[in-house]
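Order-wise, the sequence lines are chains A and B.
Residue 177 in the numbering used here sits at position 177 of the first sequence, with consecutive numbering throughout.
So the mapping is simple: the numbering used here equals the position in the second sequence, first residue as 1, plus 1000.
Protein chains: 2
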Amino acid sequence: MPSHVELAAMRRAIGISATGLGRTSPNPPVGCVILDQEGAVVGEGYHLRKGEAHAEVNALAAAGDRAQGGTAVVTLEPCNHHGRTPPCRQALLDAGVHRVLIAVMDPTSRGDGGASVLRDAGVTVETGVLEDEALTVLGPWLTATTSGRPVVTWPYLVDGTAVRALPDELLAAEVLRQHADAILRPDGRVTEAVPDSHGPGILHLRDINPAVELPAAALKSIHGGGVRSLLLSGHADLGERFASAGLVDRIVAYLAPVTPSSEGYSGLPLPGLPRGFRITAAGRGSSMVRVEAEPI
Amino acid sequence: MPSHVELAAMRRAIGISATGLGRTSPNPPVGCVILDQEGAVVGEGYHLRKGEAHAEVNALAAAGDRAQGGTAVVTLEPCNHHGRTPPCRQALLDAGVHRVLIAVMDPTSRGDGGASVLRDAGVTVETGVLEDEALTVLGPWLTATTSGRPVVTWPYLVDGTAVRALPDELLAAEVLRQHADAILRPDGRVTEAVPDSHGPGILHLRDINPAVELPAAALKSIHGGGVRSLLLSGHADLGERFASAGLVDRIVAYLAPVTPSSEGYSGLPLPGLPRGFRITAAGRGSSMVRVEAEPI
């Protein structure tokens, strides 16, 4: 059983892991905290950007010798493959960590991941620690990885009877909150959701032709380009096409203001939530109502 | 069974009801859509502000004669009491509505609310229609009404080792999203969360002395003043006092930036989520990580 200190460390690891959202794809946003033998925090780290060091390596670098005999608390199973960086399970073994707590198992490891290698080397490994809480950050990556297509969000505005693209200022605010990797434009261009000044973007994609291409084929291609979280932008046709194919995971709909008067209301049409979607959140912005919906 | 059109109307009613969040207390934020005999939308309305017309009355005013023989779709059981306005169930009867769909029953009616009166008058009434979805808007009001204290949110910032009040710009953004009625300041003043230019505020409260008063007594007094949703502002002592008394329903914690370097990370302390809270959401703002947590 994890101790209270270890649970607090996992929550810290989950919190800092969110720093990588929208930056790490196709890698997952992971966080890690190192505790020494007495349970003191001696290092923490997260994966900030594809191609840079993984969370465990950053956390171990901060801990230095103090990791010896200590515990690594990490939101995703440490990797067991030689990619751009050496496997993280080896870094943990080299640092002399005696105990590893993991929230979410890596579905790509197929039981042959870092956890089993660590156990074989005599390290105590606990898995599923605060898994639900870790999925608040890792969920979209996990879904995209297991489904082979990006998680798709369709944001739109209902203005009178018309369903329109979200204005830029709202889209910018939503992008930050939704941590999307990329935006599919109505002309078929796939662009970064939040341009990253630190390095090359993740996108080296051919353009999509959304008027001709099947949504599933377009998403497979976009996934192949490294995108795990996608926003649909532009006119309603694009979103409706993906939604009717069952390929929209989340809707963010803004309803334009309704002005009360002594005669009541002018009778806006229904807001155009497509059939098969349920409201998961509803709130008020400064001038519009914002509704989130997911497939039933 | 509600039809597809009726379910869409309920989702519309839920969406527009959110317009009232933070404005209607101690009344609930309710929405209503009127369908005519053929199922066409002929009116909609919501409760915008305490003392003004209820959702059903606004929707019926928009519908006019077209409500005759039609259906009222409403997020909360219509009221059965003469307050500042006549009972809504009477307005529905006077308009000749034949069918009423309700998402959430009013706990204050104790079985003697509008639903039973409508049924006695021969109207078909269905309850619990998309109740979970309606609770995305009505949930805090319902919790506050049944518990006798406001729903309490504690927002804070973790800056190094210190837990601080949220800066004004973040607090303003959060207030809009959280739809709080009021803010409890560290000096004991209770102020409106979002000043309303349209009318007198809901707050005519004596000041609280949070250094002396028990949190439960303070909340009872604030509830008595009409507040159903409260933000704790100011230094950490205030929040920690309420949290340790089990009187915080939601935490919104911002973690100040962690700057990666080639040496790893400087080792911030754990973020100070109080024991007994679990992460329900984690995301990235433009410069900070934002973590939401609720009691376990």
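In this text, a Cβ means the ideal position worked out from N, Cα and C, and glycines have one as well.
Chain B places a beta carbon closer than 8 Å to that of serine 286/A, counting this residue as a contact. Under the Cβ criterion of 8 Å, leucine 1273/B is counted among the residues facing chain A.
Contact with chain A is absent for arginine 1099/B, since none of that chain's Cβ atoms lies less than 8 Å from the residue's Cβ. In the DSSP annotation of this structure, leucine 1247/B is not part of any alpha helix (DSSP H), being labelled neither H nor E.
For alanine 1293/B, the pairing in a beta bridge is given by DSSP as Ile1251/B and Ile1279/B. For the 8 Å CB-CB criterion, alanine 53/A and threonine 24/A do not form a contact. With distances taken between CA atoms, glutamate 1213/B lies nearest to Asp1187/B out of Val1005/B, Asp1187/B and Arg1164/B. A check of alpha carbon separations from lysine 1050/B across Gly1083/B, Thr1191/B and Arg1089/B identifies Gly1083/B as the nearest. DSSP places glycine 1139/B in the uninterrupted alpha helix (DSSP H) bounded by 1131–1147.
Residue-level contact check: glycine 15/A touches chain B, since one or more beta carbons of chain B fall below 8 Å from its beta carbon. Judged by beta-carbon spacing, valine 1289/B lies within the 8 Å limit of threonine 19/A, meaning their Cβ atoms are closer than that value. Apart from sequence neighbours up to five positions away, the residues of its chain that approach valine 5/A with a beta-carbon distance below 8 Å are Leu35 and Gly39, ordered along the chain. Judged by DSSP secondary structure, leucine 76/A falls within the beta strand (DSSP E) whose first and last residues are 71–76.
Rounded to whole angstroms, the separation of the alpha carbons of valine 1030/B and aspartate 1181/B is 16 Å.
When Pro1078/B, His1235/B and Ala1217/B are compared, the shortest CA-CA separation from valine 1123/B is found for Pro1078/B. Closest in alpha carbon position to threonine 127/A, among Ala281/A, Ile16/A and Met105/A, is Met105/A. Membership of aspartate 1120/B in any beta strand (DSSP E) is not indicated; the residue belongs instead to the alpha helix (DSSP H) covering 1114–1120.
Taking C-beta separations shorter than 6 Å and ignoring five residues to either side along the sequence, the partners of tyrosine 46/A in its chain run Ile16, Ser17, Thr19, Gly20, Gly31 and Ala55, following chain order.
Interface residue (Cβ-Cβ distance to chain A less than 8 Å): arginine 1119/B is not classified as such. Contact check for valine 1129/B against alanine 1095/B fails: the beta carbons are separated by 8 Å or more. About 15 Å separates the Cβ atoms of valine 1033/B and alanine 282/A, ruling out a contact at the 8 Å cut-off.
A check of alpha carbon separations from serine 1147/B across Leu1176/B, Leu1135/B and Leu1219/B identifies Leu1219/B as the nearest. Within the same chain, Ile183 come within 6 Å of threonine 191/A by CB-CB distance, once the 5 residues on both sides are set aside. For glycine 1096/B, the secondary structure class from DSSP, reduced to helix, strand or coil, is coil.
Your pair valine 151/A and threonine 145/A does not check out as a contact, with CB atoms roughly 10 Å apart and the cut at 8 Å. Against chain A, the CB of glycine 1276/B has no partner CB under 8 Å away; the residue lies outside that interface.
In this structure, valine 73/A places its C-beta atom within 8 Å of the C-beta atom of alanine 13/A. Within the region 176–188 of chain A, the residues whose Cβ lies closer than 7 Å to some Cβ of chain B are Leu176, Arg177 and His179, listed in chain order.
For the region 228–242 of chain A, the set of residues with a beta-carbon nearer than 9 Å to any beta-carbon of chain B is empty. With a threshold of 8 Å between beta carbons, isoleucine 1279/B makes contact with chain A. Interface annotation, glycine 283/A: in contact with chain B, CB-CB separation under 8 Å. Rounded to whole angstroms, the gap between the alpha carbons of aspartate 249/A and isoleucine 279/A is 12 Å.
Aspartate 159/A has Ala162/A as its beta-bridge partners, per DSSP. With respect to valine 41/A, alanine 91/A sits apart: the two C-beta atoms are not nearer than 8 Å. At the C-beta level, alanine 1245/B and proline 1215/B come within 8 Å of one another. Here asparagine 209/A is exposed, its C-beta having fewer than 16 other C-beta atoms within 10 Å.
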